Amino acid sequence: MLRPDEQRKAATAFVERWQDRGNERQDSQTFWLDLLANVYGIDQPGEYISFEDQVHLDHASFIDGYITATNVMIEQKGRTKDLRKGIKQSDGTFLTPFQQAQRYAMNLPYSQRPRWIITCNFTEFYVYDMERPGGDPAVIALANLPEECYRLDFLVDQANPHLEREIQVSMQAGDLVGKIYDELLKQYRDPDSDETQRAINQLSVRLVFCLYAEDAGLFGRHGMFHDYLADFGTRFLRNAVIDLFRVLDTPIDKRDPYLDQKLAEFPYVNGGMFADKNIEIPQFTDELRTLLLEHASADFDWSQISPTIFGAVFESTLNPETRRQGGIHYTSIENIHKLIDPLFLNDLRGELEDIKKLNQPASVKRRATAFQDKLAGLTFLDPACGSGNFLTETYLSLRKLENEAIRLIYGDQNMLALEKQIIKVSIQQFYGFEINDFAVSVGKTALWIAESQMMEETKSIVYTNIDFLPLKTYTNITEGNALRLDWAALVPADRLSYIIGNPPFNGARLMSKDQKADLEQVDTHVAGIGNLDYVAGWYLKAAQLMQGHTIRAAFVSTNSITQGEQVALLWRPMFKRYHMHIDYAYQTFKWTSEAKERAAVFCVIVGFSQTYNAQKVIYTSGGQPVLVKHINPYLVDAKDAFIESRRAPICPVPRIGIGNKPIDDGNYLFEEAEMEAFINAEPASKPYFKPWYGSREFINRKPRYCLWVGDATPSELRKMPRVMERIQRVQEFRLASDSLGTRKLAERPTHFHVENMPKGNYLVIPSVSSERRRYIPIGFMSPDVLASNLVLVVLDANLYDFGVLTSNVHMAWMRTVAGRLEMRYRYSAKVVYNNFPWPNVTADQQAMISETAQQILDARALYPDSSYADLYDERTMPSELRKAHQNNDRAVMRAYGMDVATTTESDSVAKLFALYAHLTK
Numbered sequence: 039m040l041r042p043d044e045q046r047k048a049a050t051a052f053v054e055r056w057q058d059r060g061n062e063r064q065d066s067q068t069f070w071l072d073l074l075a076n077v078y079g080i081d082q083p084g085e086y087i088s089f090e091d092q093v094h095l096d097h098a099s100f101i102d103g104y105i106t107a108t109n110v111m112i113e114q115k116g117r118t119k120d121l122r123k124g125i126k127q128s129d130g131t132f133l134t135p136f137q138q139a140q141r142y143a144m145n146l147p148y149s150q151r152p153r154w155i156i157t158c159n160f161t162e163f164y165v166y167d168m169e170r171p172g173g174d175p176a177v178i179a180l181a182n183l184p185e186e187c188y189r190l191d192f193l194v195d196q197a198n199p200h201l202e203r204e205i206q207v208s209m210q211a212g213d214l215v216g217k218i219y220d221e222l223l224k225q226y227r228d229p230d231s232d233e234t235q236r237a238i239n240q241l242s243v244r245l246v247f248c249l250y251a252e253d254a255g256l257f258g259r260h261g262m263f264h265d266y267l268a269d270f271g272t273r274f275l276r277n278a279v280i281d282l283f284r285v286l287d288t289p290i291d292k293r294d295p296y297l298d299q300k301l302a303e304f305p306y307v308n309g310g311m312f313a314d315k316n317i318e319i320p321q322f323t324d325e326l327r328t329l330l331l332e333h334a335s336a337d338f339d340w341s342q343i344s345p346t347i348f349g350a351v352f353e354s355t356l357n358p359e360t361r362r363q364g365g366i367h368y369t370s371i372e373n374i375h376k377l378i379d380p381l382f383l384n385d386l387r388g389e390l391e392d393i394k395k396l397n398q399p400a401s402v403k404r405r406a407t408a409f410q411d412k413l414a415g416l417t418f419l420d421p422a423c424g425s426g427n428f429l430t431e432t433y434l435s436l437r438k439l440e441n442e443a444i445r446l447i448y449g450d451q452n453m454l455a456l457e458k459q460i461i462k463v464s465i466q467q468f469y470g471f472e473i474n475d476f477a478v479s480v481g482k483t484a485l486w487i488a489e490s491q492m493m494e495e496t497k498s499i500v501y502t503n504i505d506f507l508p509l510k511t512y513t514n515i516t517e518g519n520a521l522r523l524d525w526a527a528l529v530p531a532d533r534l535s536y537i538i539g540n541p542p543f544n545g546a547r548l549m550s551k552d553q554k555a556d557l558e559q560v561d562t563h564v565a566g567i568g569n570l571d572y573v574a575g576w577y578l579k580a581a582q583l584m585q586g587h588t589i590r591a592a593f594v595s596t597n598s599i600t601q602g603e604q605v606a607l608l609w610r611p612m613f614k615r616y617h618m619h620i621d622y623a624y625q626t627f628k629w630t631s632e633a634k635e636r637a638a639v640f641c642v643i644v645g646f647s648q649t650y651n652a653q654k655v656i657y658t659s660g661g662q663p664v665l666v667k668h669i670n671p672y673l674v675d676a677k678d679a680f681i682e683s684r685r686a687p688i689c690p691v692p693r694i695g696i697g698n699k700p701i702d703d704g705n706y707l708f709e710e711a712e713m714e715a716f717i718n719a720e721p722a723s724k725p726y727f728k729p730w731y732g733s734r735e736f737i738n739r740k741p742r743y744c745l746w747v748g749d750a751t752p753s754e755l756r757k758m759p760r761v762m763e764r765i766q767r768v769q770e771f772r773l774a775s776d777s778l779g780t781r782k783l784a785e786r787p788t789h790f791h792v793e794n795m796p797k798g799n800y801l802v803i804p805s806v807s808s809e810r811r812r813y814i815p816i817g818f819m820s821p822d823v824l825a826s827n828l829v830l831v832v833l834d835a836n837l838y839d840f841g842v843l844t845s846n847v848h849m850a851w852m853r854t855v856a857g858r859l860e861m862r863y864r865y866s867a868k869v870v871y872n873n874f875p876w877p878n879v880t881a882d883q884q885a886m887i888s889e890t891a892q893q894i895l896d897a898r899a900l901y902p903d904s905s906y907a908d909l910y911d912e913r914t915m916p917s918e919l920r921k922a923h924q925n926n927d928r929a930v931m932r933a934y935g936m937d938v939a940t941t942t943e944s945d946s947v948a949k950l951f952a953l954y955a956h957l958t959k
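If you count by our numbering, then the sequence shown holds residues 39 to 959, one letter each, in order.
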């Protein structure tokens, strides 16, 4: 990759070359080869990108361009083509360039399907993130490429071989630590006690520090720890380790003058790491001696580990809780930078690049010195720091910038005789709170390792002799419950610059009683605070500390705090009482873990402050930055709104409710084969069976069946012994419940807890649907069919209601305000439907929407054997159904006064929020 200044210069030249060119047949390949080679630094672009790969769709379909390394598909059009308009295909259908590329993509093997699709017409790039189906493309104008070329960085495989090596070494180190830990634990008298756990954790930290220190040269001679231990047989190894720890904690001038020479050579460490003389250390075994001397010391280089990753790997290896979860897991460096780069690091990098452009050496030196002082004046707090990976990576990032500044200030001078302080950035600028005592120890060790590595880098720049030991800087990581601590007492707000981190993800329904109590005492003025996720406590505590200060904050959080009912509960006080502004945000993305069998968590990143910042950025799920004027609590560019749970629709439209909720322990529900067997055994029961649809059954068009005997007379029931047996089971199940209401329901065992049985046709909306679908499948049901409580039903709905609800406008609203189950849409009556601002339509508009809605039903009817899962899969959606939906989308958009050609999904959401604000004045 080119440096930012070089890339901007190259992009400017590229724009000049291409601003008046753009023939699809003649120029496409040259255009992309030029872009990759000269703007993105690809040495052999012809080998990096392939052109005209045939798709097995027909004999005339070819992919214009594909980059295998980064899974990017390119659909190139001529300069005069509108990328948003449909182009007639050989089969007579009209597809936009994106839809055309999508069709190609769906005919590729899964492993070859694109992560990104770019459509381009030589004047604009439309970038579609395929992990966010249905989302708006990021649009980059050719004329703006010099300033926005970073937005196409994903074209280039930016994997860092050095970083990959650090990760690999860190994981290997974690594996070694785990083996040493397991062998040590066997030697303790009471391996399950808390005292043993604390002792073995502290012992492991000390051993790792010694292994690192000898390889990093901190002890003065490579292999010093190994050579000292090698002199002792297994029987004497325990005493040798105890003697070494005592010496490492003793200043040179206070040591025994008759100390063994090999022990006397070890430096004084300081920092409290070896201060506790009373930790329990068991006897060592032959296996432990071999592990330490051969595998951990002689055969492994600890100096190559990444302290950012190793801290987390170390903790997950030794923490009993994480060990039970299986495997090693850590927060990736890439994910840490999603938070810290837009919060402060991008600005600092830009400032340093500006300094490098200055022509006068004196100006460069003066500005670089001021820049270094600025870095040294920043203070950071991670109030849920765990093993310190956010703090460690932030420290490393600042020190790398400082080392560049040092190079500008001092050049290649020999600083051996210089007494002034060369390094100014210190780990004392970094504060953390952590409830787990072992994680605190690991976090401190990770910062010390990071400090030693960066000191070595500085020494290579200015040829100075700086001794790392004894430790001169102390870490400010405090053990305690962050939601109970007074942050200001530990970190004065007037000294604090940034609050960062990844607080606990416990959901509102999964918190312990203690965690509920923690959250409720954070802010007694927040109504319904107990319904918030645990992470909300950190947002509120941060906002309280930030009052009257220019502190900026950013947290990784579960995406639930920007969806559904939690938005109003959290963000109303954040905005109204604490006057926070969202400065930047990452929309939902997958926060993966390296642990085995751990589900990925779907997260957002929210950067906020009390200071208004005009420059705001929304990062799409794929990481593409979009400059916006405002970011509301749903992380979209629209007016602020707090969509609260509402019992009735905000507009005069049909009411919505859940279907039937049996509370029957499954006794009234049957698969088709089970129902047939039951009827064969008891023929009189046949009239009482009805098709039963929940979300799964509805989407797959495959019902189960429900035995509904609520309308049967007692004499009819008594003639059916098998039915009576089912009724008896239901009654017993309800009577055994802890709920008084359910026990009361046992008095009416033939009836459901909730009964919703319309007299006429009704609309069914699945409660949960895949996020991969552009449209939630919605449809009509007849009154002889029963809907379960896993779908929502709209009574008295007509074609017009169906047309509006199935439109892209309503889907955009749903995608923004609905809660999620993982990434799947969770449609709700009280948040999504009842708050939706319907259009004010004329009679003609209503008639047109009804007509296009009927077209959708007619198109579905052409495929009676296909499920909604089949029909609404973007890969298999029939062209007739797609066209019908597009016609309906246009009709609904016109009813809202939206320009069909230019309105994006973001635009429609912004308009809906404005309408909602008007309706709720």
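Glycine residues also receive a C-beta, built at the ideal position from the N, C-alpha and C atoms. Note that this is a predicted model, so its numbers are computed, not measured.
For a test of the three-state rule: what should DSSP assign to residue i, helix, strand or coil?
{"i": "residue 101", "result": "strand"}
{"i": "residue 21", "result": "With the chain represented from 39 up to 959, any question about residue 21 goes unanswered, as that position is not in the structure."}
{"i": "residue 27", "result": "Nothing about residue 27 can be reported from this structure: the residues present for the chain run from 39 to 959 only."}
{"i": "residue 383", "result": "helix"}
{"i": "residue 154", "result": "strand"}
{"i": "residue 483", "result": "helix"}
{"i": "residue 569", "result": "helix"}
{"i": "residue 82", "result": "coil"}
{"i": "residue 420", "result": "strand"}
{"i": "residue 669", "result": "coil"}
Comparing C-alpha positions only, which one of the options sits nearest to residue i?
{"i": "residue 50", "options": "662, 78, 60", "result": "78"}
{"i": "residue 951", "options": "699, 677, 666", "result": "677"}
{"i": "residue 881", "options": "925, 120, 929, 907", "result": "929"}
{"i": "residue 483", "options": "657, 625, 412, 243", "result": "243"}
{"i": "residue 340", "options": "213, 563, 865", "result": "213"}
I'd like the list of long-range same chain contacts for residue i, defined as Cβ closer than 6 Å, with 5 residues on each side in sequence excluded.
{"i": "residue 731", "result": "741, 825"}
{"i": "residue 877", "result": "933, 934"}
{"i": "residue 589", "result": "534"}
Go to residue i, then tell me how far its beta strand (DSSP E) extends in each direction, as first and last residue.
{"i": "residue 176", "result": "176-179"}
{"i": "residue 514", "result": "514-517"}
{"i": "residue 839", "result": "It is not in any beta strand (DSSP E) - residue 839 instead sits in the alpha helix (DSSP H) that spans 837-843."}
{"i": "residue 742", "result": "742-745"}
{"i": "residue 647", "result": "639-647"}
{"i": "residue 619", "result": "619-629"}
Measure the alpha-carbon distance for residue i versus residue j and round it to whole angstroms.
{"i": "residue 571", "j": "residue 931", "result": "36 Å"}
{"i": "residue 416", "j": "residue 409", "result": "11 Å"}
{"i": "residue 739", "j": "residue 137", "result": "27 Å"}
{"i": "residue 602", "j": "residue 887", "result": "28 Å"}
{"i": "residue 688", "j": "residue 814", "result": "22 Å"}
{"i": "residue 764", "j": "residue 753", "result": "16 Å"}
{"i": "residue 241", "j": "residue 420", "result": "26 Å"}
{"i": "residue 872", "j": "residue 175", "result": "29 Å"}
{"i": "residue 594", "j": "residue 919", "result": "40 Å"}
{"i": "residue 335", "j": "residue 194", "result": "38 Å"}
Cutting at 8 Å between CB atoms, please list the residues of its own chain near residue i, excluding the five before and the five after it.
{"i": "residue 292", "result": "none"}
{"i": "residue 127", "result": "133, 138"}
Looking at the secondary structure, which residues open and close the alpha helix (DSSP H) in which residue i lies?
{"i": "residue 863", "result": "No alpha helix (DSSP H) contains residue 863, which is instead part of the beta strand (DSSP E) from 862-864."}
{"i": "residue 248", "result": "232-253"}
Who are the near neighbours of residue i in its chain, counting only those whose CB is closer than 7 Å to its CB and skipping five residues on each side?
{"i": "residue 724", "result": "717"}
{"i": "residue 639", "result": "543, 596, 629"}
{"i": "residue 860", "result": "640"}
{"i": "residue 683", "result": "603, 868, 869"}
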